[in-house]
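Protein chains in written order, with the numbering used here: chain A, 43 to 366; chain B, 43 to 366. Cβ coordinates follow ideal geometry from the N, Cα and C atoms, glycine included. As the structure is a computational prediction, the values presented were derived from the model and not from experiment. Notes to accompany the following structure.
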């Protein structure tokens, strides 16, 4: 008889998530990846035309753990017109020993959004300059909002500058956070944002660079979250050329996706500056050397993040329900 | 608000399946594939060492249909030691328009087993000689047993000869079918089976050829189901060299998997003899010309089969529950 499959709806997933500390959990995933303890095949991808959409299948396992994970997450950017979130998805927990499906996490893309924001926090923790004047956030969508959910765990900075193509959405972003601990100001231009902020987080699905090399002053750290395909790009490749240190969440994935892929195509990538996030977590001396360096983290989203977050949620369920 | 996800357990899936006629449904999938109406990325694969296991992720969609499908199916061949089926899995139905997860079919690998058997029936229907003396089945596992579930829809032959490495399992296979319409005899050797049967279906995970070229007499049709990876092989490549017609369920997949892949590696594949199953369904004159020809169908399992069977089950659920 098969082990019965546990079905967790979003509300329960959110409850279990509130009981765990995802930053160190996801950090351990990146370390497993960089230590070659994870089996992570290339990302599966489906593209749709009408309406435009994309689905990524990220999957794999960490050796000697109990589970393997398959995560399906999509972005359908016209969903907001009909009142739906653009990001959708599900995470599946299987046994590494028998292949049984142990759990279906009906997260509607939420865990993918969370683990993406967590990776951004990990990059910030290890790469931001000591004194952060303002944190600039480019984009006003789900991922922009989620940056603030775990921010105080890695930084004391409370001053956020936001810029979005759509001014109304920037106002909604600000209004939602008016009663929070953060002070939110809306920037009129990327120039203004980049002039004031020495940490910039880009969270858009742009396919033309938003940040240009002239925007970047010494001492700035940039985390680029938006690009997870070969087409999307937020940073001019010249920025990567100018940077002192470039951190990839997966060097393997960066060969075909994200800012690093695009910079390499333009001969703007000096490989000697490139390290993997898991290596940096293991050895923080590889990171920022001083407050003058320009550092970049390019996050394309790796299955180890999905493996760690799905495992943590399912283990929290099992602990609560006394299953061992 | 997201559309609520429908969760169907195996027992309900089996009920809905009993209401549909899967052979023409899966045939339409193969035709869509061969007509370039399906978007089917390469198969995702995970391998496990202790215990040995493998997982395949097959996914995609047919253009202008409503859903996209992701199917995860695994084979953990030591599962029988602990009373579990070797094949496990799940099928997921998503909206092509929004990415929402519409249904989770908790089929425990059953729909994969069924759609695989159905493809074998389709091959038989289009390729078997007019007069089938006996149908030889090599292997005694789930797939061997399922060959008989839909057989009478495509053939009047009632005489089955089975051979398995494990004699006890062959006896169990026979015992299970003693009250059926079929006459089952156990063969002592592959030689004996191949001497008597002019249709042979191979259903094993063998990694060395079981059927050799000297086994194959004129007029025989062989369907090779077992090999769906680059490592597994059931037919000596010389058999493909000798054959008059070779049918692949997906010529694209046959470049990296299955008997055709292995024969090509050994320079035993004459491409002019190779056609795709969907093309044969559309144009039956491409098939067997007479009762002297040797024909081979090499089935590696294609996502269109999963798309069609999952769609049919979910549509049957919706019809029953008056959802449109």
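Close-in-space but distant-in-sequence residues of the same chain around residue 192(B) (CB under 7 Å, 5 per side omitted):
65, 159, 160, 163
Is the separation between the beta-carbon of residue 243(B) and that of residue 189(B) shorter than 8 Å?
yes
Do residue 355(A) and residue 153(A) have their C-beta atoms within less than 8 Å of each other?
yes
Chain A within 8 Å of residue 329(B), Cβ atoms only
no
With the cut-off set at 8 Å, would you say residue 35(A) and residue 186(A) are in Cβ contact?
Past the boundaries of the shown model lies residue 35(A); chain A is included only from 43 to 366, so the question cannot be answered.
Does the segment 49 to 56 of chain A touch the segment 63 to 77 of chain B, meaning 3 or more C-beta pairs lie closer than 8 Å?
no
Residues of chain A with a CB under 9 Å from the CB of residue 97(B): which are they?
101, 110, 112, 136, 141
What whole-angstrom Cβ distance do residue 25(A) and residue 292(A) have, given they're in contact under 8 Å?
The structure shown does not extend to residue 25(A), since chain A spans only 43 to 366, so no value can be given for it.
Nearest to residue 231(A) by CA position, among 178(A), 248(A), 320(A), 271(A), is which residue?
178(A)
Partner residues on chain A for residue 44(B), Cβ-Cβ distance less than 7 Å:
126, 150
At the level of alpha carbons, what is the spacing between residue 275(A) and residue 94(A)?
17 Å
Exposure of residue 140(A), with buried meaning 16 or more beta-carbon neighbours within 10 Å
buried
Going by the DSSP bridge assignment, what does residue 51(A) pair with across the sheet?
148(A)
Given residue 151(B) as reference, the closest of 166(B), 102(B), 98(B), 175(B) once Cα atoms are compared:
98(B)
Nearest neighbour of residue 246(A), chosen from 117(A), 123(A), 295(A) [CA to CA]:
117(A)
By the criterion of Cβ-Cβ separation under 7 Å, what are the contact partners of residue 49(B) in chain A?
49
Got a sec: is the Cβ-Cβ distance from residue 116(A) to anything in chain B below 8 Å?
yes
Only counting runs of 4 or more residues, tell me where the alpha helix (DSSP H) segments fall wholly within the segment 256 to 295 of chain A, in order along the chain.
279 to 284
Chain A partners of residue 86(B), CB-CB under 7 Å?
83, 86, 99, 101
For a test of the three-state rule: what should DSSP assign to residue 339(A), helix, strand or coil?
strand
What is the residue span of the beta strand (DSSP E) that residue 140(B) lies within?
Note, residue 140(B): premise wrong, no beta strand (DSSP E); not H, not E.
If we define contact as Cβ-Cβ less than 8 Å, is residue 247(B) a contact residue for chain C?
You won't find chain C in this structure, because its protein chains are A and B.
How would you list, in chain order, the residues of chain B whose beta-carbon sits under 9 Å from the beta-carbon of residue 130(A)?
44, 136, 137, 140, 141, 142, 143
Minimum Cβ-Cβ distance from residue 146(A) to chain B less than 8 Å:
yes
Within chain A, the residues that residue 93(B) reaches when beta carbons sit closer than 7 Å
139
Can you have a look at residue 61(A) and say buried or exposed, based on whether 16 or more other CB atoms are within 10 angstroms of its CB?
exposed
Sequence-distant residues of the same chain with beta carbon closer than 7 Å to residue 44(B), five excluded per side
142
If you check the beta carbons only, do residue 83(B) and residue 101(B) fall under 8 Å apart?
yes
Quick check: is the beta carbon of residue 356(B) nearer than 8 Å to any beta carbon in chain A?
no
Counting beta carbon pairs with one atom in the segment 329 to 338 of chain B and one in the segment 263 to 274 of chain B, are three or more of them shorter than 8 Å?
yes
Alpha-carbon spacing of residue 73(A) relative to residue 88(B), whole angstroms
21 Å
Residues of chain A with CB closer than 7 Å to the CB of residue 359(B), please, in chain order.
Correct list: empty, because the minimum Cβ distance to chain A is about 16 Å.
Proximal residues to residue 349(B) (C-beta, below 7 Å), its chain only, five neighbours per side dropped
71, 102, 103, 104, 111
Over what stretch of residues does the alpha helix (DSSP H) that includes residue 118(B) continue unbroken?
Element bounds for residue 118(B): n/a, residue is neither H nor E.
Name, in chain order, the residues that DSSP records as bridge partners for residue 100(B).
113(B)
Taking 8 Å as the threshold (C-beta atoms), are residue 50(B) and residue 147(B) in contact?
yes
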